[in-house]
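Below: the structure, in C-alpha cells.
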Amino acid sequence: MRAVVQRVKRAEVRVDGEIVGRIGLGFVILLGVAKGDSELSGAALAAKIASLRVFDDAEGKMNRSIVEAGGQALCVSQFTLYGDCRKGRRPSYDQAAAPDKALPLYESFVKSLRARGVPTETGRFGAKMDVELVNDGPVTLLLDSDRLL
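Next up, the structure:
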C-alpha cells in the first residue's frame, strides 16, 4: 500500500456535491492498494501513520502524534498512486489492485487506524470525489508498506 499523508488544518470530501467526510486538524490520507497487498500491509501502514510525530508540541516542535494532538484522519482511496509513468504519456495502472480486492483492504486499513485511536472519516470508494483541504505547514509524507515490513 502507498499513502500520501498530508497534515491539515481542515479537510472535506464531496461526492456529487454532498459532503461524505469532514475533519478538523489531522491527516488527509490518500491510499492506494497494490496487487499482493494484505491486511498486514494495511495494519503496518496504519500503525506507522498513527505514531508519526509531526504535530507541534507546546514549544512549536514537531513532536506529537495525531493521537496526542487530538487529530482526525480523512482517508480517500486513490488507485492512481500506483500509476507508472515511465513509458509513454499515459500512466499504466497494472500494479494497482482490482476494485474487488482493494475495497476490503482499504476498509481494513481504516479499521486499523480507528483501532489505534484515530477518529477516521472516509471518502466513497470508487466514486469521483472532490477533496478540499488546507495543508498545514505544508507537511506531506509518502509512505509505502513495502518499506515498513
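The numbering used here applies: residue -17 is where the sequence shown begins, and numbers increase by one. No residue lacks a Cβ here, since even glycine has one placed at the ideal position from N, Cα and C. Note that this is a predicted model, so its numbers are computed, not measured.
Top-ranked residue by Cα proximity to residue i, from the options
i	options	result
Pro73	Thr62, Leu22, Leu87 and Ala16	Thr62
Val100	Arg(-4), Ala84, Ala29 and Met(-17)	Ala29
Gly105	Asp(-2), Val2, Ala(-15) and Arg(-8)	Val2
Leu95	Asp38, Ile48, Ala40 and Lys69	Ile48
Gly(-1)	Glu114, Gln60, Gly42 and Ile5	Glu114
Lys93	Asn117, Lys69, Leu56 and Val(-14)	Leu56
Residue i classed as buried or exposed, judged by whether at least 16 other C-beta atoms fall within 10 angstroms
i	result
Ile31	buried
Thr102	buried
Val10	buried
Arg129	exposed
Val58	buried
Limits of the beta strand (DSSP E) - the one that residue i falls within
i	result
Phe91	That residue, Phe91, is in no beta strand (DSSP E); its alpha helix (DSSP H) goes Pro81 to Ala97.
Asp103	In the sequence on display, residue 103 carries Glu and not Asp. Run containing Glu103: Thr102 to Thr104, per the beta strand (DSSP E) assignment.
Cys57	Gln54 to Ser59
Arg(-8)	Arg(-16) to Val(-3)
Contact set for residue i: own chain, Cβ-Cβ below 6 angstroms, skip 5 residues either direction
i	result
Val121	Arg(-11) and Val36
Val(-3)	Arg106, Ala109 and Met111
Ala84	Val15
Glu21	Ser90
Ala51	Phe37
Opening and closing residue of the alpha helix (DSSP H) in which residue i lies
i	result
Gly24	Glu21 to Ser33
Cβ-based neighbour list, residue i, same chain, cut-off 8 angstroms, excluding 5 preceding and 5 following
i	result
Met(-17)	Leu13, Gly14, Val15, Ala16, Asp19, Ser23, Gly24, Leu27, Leu87, Phe91, Asp126 and Ser127
Gln77	Ala16, Lys17, Tyr64 and Asp66
Contacts around residue i, its chain only, beta-carbon distance under 7 angstroms, and the 5 residues preceding and following it disregarded
i	result
Asp39	Asn45 and Arg46
The ligand SAM heavy atom lying under 7 angstroms from the CB of residue i
i	result
Lys(-9)	Although the ligand SAM was asked about, the structure shown includes no ligands whatsoever.
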